[in-house]
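First up is the structure itself, then whatever we jot down about it.
Residue numbers (this note's numbering), protein chains in the order written: chain E, 1016 to 1344; chain U, 1016 to 1344.
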């Protein structure tokens, strides 16, 4: 039998629970440690998922000789230090989105992985769905012609809580870093490069972060993208890719799609549906473990340069809004 | 029986045909004259629709004592002079979109109508559909809460023809004036005012006009709009209005809708469908004739200030692209 990959989780929030459930259905994965800033949180989480070892902080988890890879699920501003701690402790790292607070932090994390010859990947789980793989194939086949417009919305409606992680600047709040990264990642996947021009507007809420934002990207060949994020309205989170010969539409939850619609020329819209493995976070875990077994430092699907590109784009957008986080000052 | 309203049509292009068909099913409308720059075009059009009088140019049509109202369907750069000719000839005017090439021209046309005490309206036919009336009602009832995001796409795929009216700058080509006016009109209808901030990008094609464009509007209360137009890709021309309590989506051809979907809170999406009267251009003709019979100079649904607002917004957007038409130089 394949030797199990041993995981440690840094952080015990909602996404940590979701990822722990994803690992639980993979026979070659074993969750062996969890760390939190609070002892009680780590112990509660460990009890829930039957995890043998608990730690306070990423640095102590990183010293656990038994762990192959750490999954960083802490708040955004902690991603850099938690990742550096784990890499410097000799652990491979899967780090939640946004990869970092800015491009500089991302570069430091990537440099650290390269220096330590350790695997590092941003947890952009969207990229690993079978529906997404097929969309990528269709685009590269040229079935919908040359892509000229990408639309994507990621909006949900959540009551304002100035102290909560969604909009609190100290916790890295704001739509762009939290959900904007998904519409940017989707667009980057389609065009394969950063936009040449960016135009954007945001509504900065009283907490000082972007409660809603819209962005336009333009590329030198005339292609464009139009993207929207909001914490104030509920939307089906649709994405669409319009080409000169047809279009692909992901009608619901484009960031974790089980189906898409495709229309080529005068043919009627056709639906492509997919079965889901577990809660969908499983796909990226499978890719990570494949990479580790093959001794790779980066995933070909979600390489370091792509994370760098997301952060560069988000840096440029925030510059247009003059939005600087306390941790950056 | 109600006395028939006697119409003259200026121009014999595609939209003139469509509007002549719309008038044909209205028992209180009579199409009595047509003008074109070419005698043969006017005569061919007159034969097709059984129109008794033909003219060369709007100025000669304007002298026909028998006409109550002129419908201006000429190319964009001719709207101002054709409208002024007809108004100064004592005729009410229904003028196709875009109302004019810029805000200055629009102001001149409106001033002329006011001075002559004659009815004038922009042919924004969208505003008169029953589905649109119901959407307006739902929004003003607050059923979907406070609106925070409007999305609208108007995209179709047409081969480049540098001399054709779509992209030829001499003919007022470009997406913004041709189809952008619809996404702007839809947004203006929802928010009832011009945006406080505009951010936009366009792909300017080799002919010198915008082959594709995207726009973001922002309002002081935090509401936004994200709008896209293209001559290079085909889209369902969807529009959506997202509020704090729910959303309305027009899934196809939002500018001439026969149905929309509404979702409030956790309830499932509900479809509202409508029967269409003729080809849909009929609705605005009915409104125009009602206004004429009531002696009004403006329609309450599509008043002068609204046309002014569309043109102001489009002027600001073109300024961001440095797009100036030959007729403006």
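Idealized CB from N, CA, C, for every residue including glycine.
Distance CB(residue i)-CB(residue j) smaller than 7 Å
i	j	result
residue 1134 (chain E)	residue 1307 (chain E)	yes
residue 1075 (chain E)	residue 1241 (chain U)	no
residue 1087 (chain E)	residue 1094 (chain E)	yes
residue 1092 (chain U)	residue 1342 (chain U)	yes
residue 1021 (chain E)	residue 1047 (chain E)	yes
residue 1131 (chain E)	residue 1102 (chain E)	yes
residue 1097 (chain E)	residue 1073 (chain E)	yes
residue 1250 (chain U)	residue 1170 (chain U)	yes
residue 1188 (chain E)	residue 1224 (chain E)	yes
residue 1138 (chain U)	residue 1178 (chain U)	no
residue 1213 (chain E)	residue 1311 (chain E)	no
residue 1181 (chain E)	residue 1113 (chain E)	no
residue 1077 (chain U)	residue 1053 (chain U)	no
residue 1296 (chain U)	residue 1033 (chain U)	yes
residue 1165 (chain U)	residue 1190 (chain U)	no
residue 1062 (chain U)	residue 1069 (chain U)	no
residue 1259 (chain U)	residue 1157 (chain U)	no
residue 1163 (chain E)	residue 1255 (chain E)	no
residue 1289 (chain U)	residue 1199 (chain U)	no
residue 1197 (chain U)	residue 1316 (chain U)	no
residue 1268 (chain U)	residue 1252 (chain U)	yes
residue 1042 (chain E)	residue 1144 (chain E)	no
residue 1217 (chain E)	residue 1319 (chain E)	no
residue 1038 (chain E)	residue 1031 (chain E)	no
Secondary structure of residue i, DSSP reduced to three states
i	result
residue 1063 (chain U)	helix
residue 1339 (chain E)	coil
residue 1302 (chain E)	helix
residue 1325 (chain E)	helix
residue 1142 (chain U)	helix
residue 1245 (chain E)	strand
residue 1163 (chain U)	strand
residue 1238 (chain E)	coil
residue 1099 (chain E)	helix
residue 1034 (chain U)	helix
residue 1115 (chain E)	coil
residue 1168 (chain U)	strand
residue 1297 (chain U)	helix
residue 1058 (chain U)	helix
residue 1123 (chain U)	helix
residue 1029 (chain U)	helix
residue 1175 (chain U)	coil
residue 1092 (chain E)	helix
residue 1156 (chain U)	helix
residue 1078 (chain E)	coil
residue 1330 (chain U)	helix
residue 1315 (chain U)	coil
residue 1149 (chain U)	helix
residue 1307 (chain U)	helix
residue 1043 (chain E)	coil
residue 1132 (chain E)	coil
Residues bridged to residue i [DSSP beta-bridge criterion]
i	result
residue 1225 (chain E)	E:1219
residue 1110 (chain U)	U:1087, U:1137
residue 1048 (chain E)	E:1023, E:1068
residue 1231 (chain U)	U:1214, U:1241
Contact list for residue i against chain E, beta-carbon separation under 8 Å
i	result
residue 1257 (chain U)	1170, 1245, 1248, 1249, 1250
residue 1262 (chain U)	1248, 1249, 1250
residue 1226 (chain U)	1237
heavy atom of the ligand ZN below 6 Å from residue i C-beta
i	result
residue 1222 (chain U)	With respect to the ligand ZN, the structure offers nothing, as it holds no ligand at all.
Under 8 Å by beta carbon: chain U residues contacting residue i
i	result
residue 1268 (chain E)	Neighbours of residue 1268 (chain E) on chain U: none; closest Cβ ~15 Å, over 8 Å.
residue 1073 (chain E)	Within 8 Å Cβ-Cβ: nothing; residue 1073 (chain E) doesn't reach chain U, min ~37 Å.
residue 1222 (chain E)	Result: empty, since nearest Cβ-Cβ is about 13 Å, beyond 8 Å.
Closer than 7 Å at the beta carbon, the chain E residues around residue i
i	result
residue 1329 (chain U)	The contacting residues do not exist; residue 1329 (chain U) stays about 17 Å from chain E at best.
residue 1241 (chain U)	1229, 1241, 1243
Per-residue contacts from residue i into chain E (C-beta, under 9 Å)
i	result
residue 1212 (chain U)	1216
Listed by chain order, chain U residues near residue i by CB distance under 9 Å
i	result
residue 1164 (chain E)	1168, 1170, 1227, 1229, 1243, 1245, 1247, 1248, 1250
Listed by chain order, chain U residues near residue i by CB distance under 7 Å
i	result
residue 976 (chain E)	In this structure chain E extends from 1016 to 1344, so residue 976 (chain E) is not present and cannot be described.
task: Could you pull out every unbroken alpha helix (DSSP H) segment of at least 4 residues lying fully inside the stretch 1181-1222 of chain U, listed in chain order?
output: 1196-1206
task: At 3 residues or longer, and completely inside the stretch 1242-1295 of chain U: list those beta strand (DSSP E) runs for me, N to C.
output: 1254-1258, 1261-1265, 1274-1279, 1285-1288
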